[in-house]
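Shown next, in structure tokens, is the structure this report addresses.
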Amino acid sequence: MTIAMFDYLGELDEIGPDIMGAMERVVRSGRLILGPEVERFEAASSAYLGGGHGVGVASGTDALTVALLAKGIGPGDEVITVPNTATPTATAIARTGATPVFCDVDPHTGLMDVECVERALTPRTKAVVPVHLYGNVVDVPRLMQRTNGRGLFVLEDCAQSLGAQLGNRHAGTFGHAAAFSFYPTKNLGAYGDAGLCFTRDGELADAMRQVRSYGYQQRDYAVRVGVNSRLDELQAAILNVKLARLERDVARRRELADLYDAELPPQCERFGVQPGVRHGRHLYVVRVENRAELRAALSERGVQTGVHYPHPIHHMPAFAAPQPPCLPHAEHLAQCVLSLPLHPRLTDDDVRAVCEALSEMVQGKASSRGAC
Ligand SMILES: Cc1ncc(COP(=O)(O)O)c(C=O)c1O
């Protein structure tokens, strides 16, 4: 028995003919880059988010980079983000020439701590990148309010949060812009790399379109230094097929997460979710004391697990400042977070089997609640 973290082949059994049909249509169309499938996906994904401008790019990392470049962020600027995110959040900032500055997170939610952002502000701060980690939603309205008046660009990293909401609005619609990833394991996964910049600002969207394609305002005429990061027609056609299933998939993720919430032992400590948040449930992550041991024991029983993320970015050689800040909550989380299998094709019995295995393993080991 294997309970996997991700199962795109199972998905293909369900939607194979639609995927193959879409791919054949593209291959026979004569348009492979930035054609009608990309336009359709940009329009449909923006409509899903409640209206705005979508700009298809080659990956989530590029979506962050392109948005920052379009806003004119570059050398000499500082951009604040968190250290317990995927490395590409910081990579994208550094690729613009700006310096990533790391702030600590709220230990209850694992998300950006707005007070810590305020303490990290300097006259060089030009942008903040809150990360909606695991599908949970940062209180971006509060972040905007607290940093209001400083002219900061707020770019939401939504790589893990498609389908998540705060109140009746989607994550990604609170800041000035947002970046989405369609890496295959994401809530909406392509069959390769793909990403999307999103904004409600028409001028910024125009700049994003220029940056993604050599800085061109029109063919062979660059008005800025851009990159080559275009969403291709094949990935867009696949995403168009899968976007129609997104809400159903996220609803199933939520059901499975609720089951984990109900059945896991208290030694697997859950993250807090603020009132008003509809979690996107991209990853189901708990905090445990003896992570390595539990992972090995689960693996022996055929249960795959992950760690998101084992190294706080401010300590990585690529990003460490000469004197890295002390960010105790993020550093602590790196020691104890454990991701359990969560994808729409898991059965209730799969989740119960993981919960039972964990209950047996931790039984008698910790008498107190809150293992980490
Ligand atoms: C939080 C976060 N930001 C950015 C990215 C980068 O996305 P991509 O892998 O599509 O470049 C990821 C993907 O792993 C992510 O999880």
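Sequential numbering from 1 applies to the sequence shown in the working numbering. By construction, the Cβ of each residue, glycine as well, lies at the ideal position given by its N, Cα and C atoms.
Buried versus exposed, by CB contacts within 10 Å (16 or more), residue i
i	result
S367	Residue confidence is low: S367 scores 43 on pLDDT, short of 50, so the model does not pin down where it sits. No coordinate-derived value is stated.
V288	buried
N187	buried
P17	exposed
P341	buried
R119	exposed
D349	exposed
I73	buried
T61	buried
Which of helix, strand or coil DSSP assigns to residue i
i	result
D113	coil
N136	coil
H315	helix
I3	strand
T147	coil
F174	coil
N384	Past the edges of the chain, shown from 1 to 372, lies residue 384, and the structure says nothing about it.
V38	helix
A127	strand
T199	strand
V288	coil
G254	A quick correction: the sequence has Arg, not Gly, at residue 254. R254 falls in the helix class under three-state DSSP.
S46	helix
V26	helix
V351	helix
R345	coil
Same chain, Cβ closer than 7 Å to residue i, neighbours up to 5 away in sequence not counted
i	result
V38	G56, L231, E233 and A236
P265	L358, S359 and V362
T89	L64, T81, V129, V131 and D157
R31	E233
Cβ shell of residue i (< 6 Å), same chain only, five flanking positions each side left out
i	result
L68	T96
Q165	R278
N228	none
G370	For G370, the predicted structure reports a pLDDT of 44, less than 50, and the residue's modelled location is therefore unreliable. The matter cannot be settled from this model.
V82	V105, M112 and V131
C116	C103 and D104
Beta carbon of residue i nearer than 9 Å to that of residue j
i	j	result
A98	P75	yes
F182	G195	yes
Y134	L283	yes
T122	V154	no
V354	I3	yes
M20	S339	no
A63	F180	yes
P344	R209	no
L223	V66	Reading off the sequence, residue 223 comes out as Val, not Leu. The answer is no: Cβ separation not under 9 Å.
N168	L333	no
P324	H315	yes
S213	G192	no
G280	A171	yes
Q274	V137	yes
V351	Y260	yes
Cut-off 8 Å between Cβ atoms - residues of its own chain near residue i, not counting five sequence neighbours on either side
i	result
L239	F41, S45, F182, L188, A190 and A194
M23	L234, A237 and I238
So, does the stretch 215-224 touch the stretch 157-176, judging by three or more C-beta pairs under 8 Å?
A contact between stretches requires three or more CB pairs, one per stretch, nearer than 8 Å, and the stretch 215-224 fails this requirement with the stretch 157-176.
Are at least three pairs of beta-carbons, each pair with one atom in the stretch 193-207 and one in the stretch 283-292, less than 8 Å apart?
no
Determine, using beta-carbon pairs with one atom in the stretch 146-156 and one in the stretch 296-311, whether at least three such pairs fall under 8 Å.
Using a Cβ-Cβ distance cut-off of 8 Å, the stretch 146-156 and the stretch 296-311 are not in contact, since fewer than three pairs of beta carbons, one from each stretch, lie closer than that value.
Does the stretch 42-54 come close enough to the stretch 108-122 that 3 or more CB-CB pairs lie under 8 Å?
Fewer than three Cβ pairs drawn from the stretch 108-122 and the stretch 42-54 lie within less than 8 Å of each other, which leaves the two stretches out of contact.
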